[in-house]
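Working notes, beginning with the structure itself.
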Amino acid sequence: MTQDFSGKDSPDKDKAVLGFARRLAVPFGLAAALIAAGLLYATRTPGGKEGTEGAASTGDCYGSAEKTARLQGLVHGEIAALNLVKQPKPLPILKFAAPDGAPIGLAAFRGKVVLFNLWATWCVPCRKEMPALDRLQGLVGDDAFAVAAVNIDTSRLEKPKAFLTEIGVKNLGYYADRSGDLFQALKQAGKVIGLPTTILIDGNGCELGTMAGPAQWDSEEAIALLKAAKT
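Sequential numbering of the sequence shown, starting at 1, is according to UniProt numbering.
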């Protein structure tokens, strides 16, 4: 038998409506609280800080397509393998260690064009291209551009710094990810399959292009493209 709420108003009807509303209020209130808590948790890192603070959004990348179209004519010679994207998109949230050991992300480079390089000491091509990346930072690095070469060795952690000292690196900061999470995040996003991998990122945090494999990053072609990317 169903409750009939049709017809004239009556005290019994009012009591029934009030009771029904009260019974609904509890589950709806609980559901709203759970949804709000879930959204808050999703935007926080395990340490309790906002995980998406400063991260690029899709809207930030709308204007970047014009830049990649303009840069396309500069992709040749030593950087012919650079794959510029037609529609730039935000990269996943990436966390790694800054030169002082503090946790950092791409948001720290907001406003700069970044040449984001992944390397390891066991990767022979990585070792060969590192001097060129160091020279590039010295030639082009400024308030509008930076090379962020992130080492992803997960064992024998003294080796990366020793290698950089051995080859006389003067301009690059020492960025590192010891967890392997950075490589996995980019792999899952389809941005990396091996090393070295270099991603060109604009000042809004949007991917402009990716290079799979080594390159002569201090070549005339590379410098011309990166200077154009800053404008």
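Glycine is no exception: its CB is placed at the ideal position from the N, C-alpha and C atoms.
Quick caveat, the model's predicted, so the values are computed rather than measured.
Run through DSSP, which three-state label would residue i get?
i: Asp177; result: coil
i: Thr198; result: strand
i: Gly209; result: strand
i: Asp60; result: helix
i: Ala69; result: helix
i: Gly77; result: helix
i: Ile223; result: helix
i: Ala189; result: coil
i: Ala215; result: coil
i: residue 283; result: The requested residue 283 does not occur in the structure, where the chain is confined to residues 1 to 231.
Which word fits residue i, buried or exposed, when buried means at least 16 other C-beta atoms lie within 10 angstroms of its C-beta?
i: Gly47; result: Only weak support exists for where Gly47 lies, its pLDDT of 34 falling under 50; the coordinates are left without a value.
i: Arg135; result: buried
i: Ser155; result: exposed
i: Leu157; result: exposed
i: Asn151; result: buried
i: Ser179; result: exposed
i: Ala37; result: Low per-residue confidence applies at Ala37: pLDDT is 42, beneath 50, and the placement is therefore not dependable, though the value from the model is reported in the following sentence. It is exposed - the Cβ of Ala37 has fewer than 16 other Cβ atoms within 10 Å.
i: Trp122; result: exposed
i: Pro99; result: exposed
i: Ile167; result: exposed
i: Gly105; result: buried
Please work out which residues of its chain come closer than 6 Å, Cβ to Cβ, to residue i, disregarding the five sequence neighbours upstream and downstream, and give them in chain order.
i: Gln216; result: Glu78, Ala132
i: Lys230; result: Val113, Ala144, Phe145
i: Pro160; result: Thr121, Asn151, Asp153
i: Phe163; result: Thr121
i: Leu186; result: Val192
Given residue i, which residues of its chain have a CB within under 8 Å of its CB, disregarding the five upstream and five downstream residues?
i: Ser64; result: Pro88, Asp202, Asn204, Cys206, Leu208
i: Ala212; result: Ala81, Asn83, Val192, Ile193, Gly194, Thr197
i: Ile223; result: Leu136, Leu139, Val140
i: Leu71; result: Leu84, Leu208, Gly209, Leu225, Ala228, Ala229
i: residue 233; result: A question about residue 233 goes unanswered here, because the residues of the chain that appear run from 1 up to 231.
i: Pro214; result: Pro125, Cys126, Lys128, Glu129, Pro196
i: Asp177; result: Lys95, Phe96, Ala97, Val150, Asn151, Ile152, Phe183
By Cβ distance, which residues of its chain are closer than 7 Å to residue i, with the 5 residues on each side in sequence left out?
i: Pro103; result: Lys95, Ala97
i: Ala31; result: Because the pLDDT of Ala31 is 47, which lies under 50, any placement of that residue in the model is unreliable, and the number read from its coordinates should be weighed accordingly. Excluding residues within five positions, none has a Cβ falling inside 7 Å.
- [ ] Would you list, in sequence order, the uninterrupted beta strand (DSSP E) runs of no fewer than 3 residues that lie entirely inside the region 81–126?
- [x] 95–97, 103–105, 113–119
Open item on the list: As an exercise, report each continuous beta strand (DSSP E) stretch of at least 3 residues that is fully enclosed by the region 131–177, in chain order.
Closed with: 145–151
TODO: Specify whether the region 169–189 and the region 138–150 touch according to this definition: at least 3 beta carbon pairs, one from each stretch, less than 8 Å apart.
DONE: yes
Open item on the list: Assess contact between the region 91–107 and the region 118–130, defined as three or more Cβ pairs (one per stretch) separated by less than 8 Å. Is contact present?
Closed with: no
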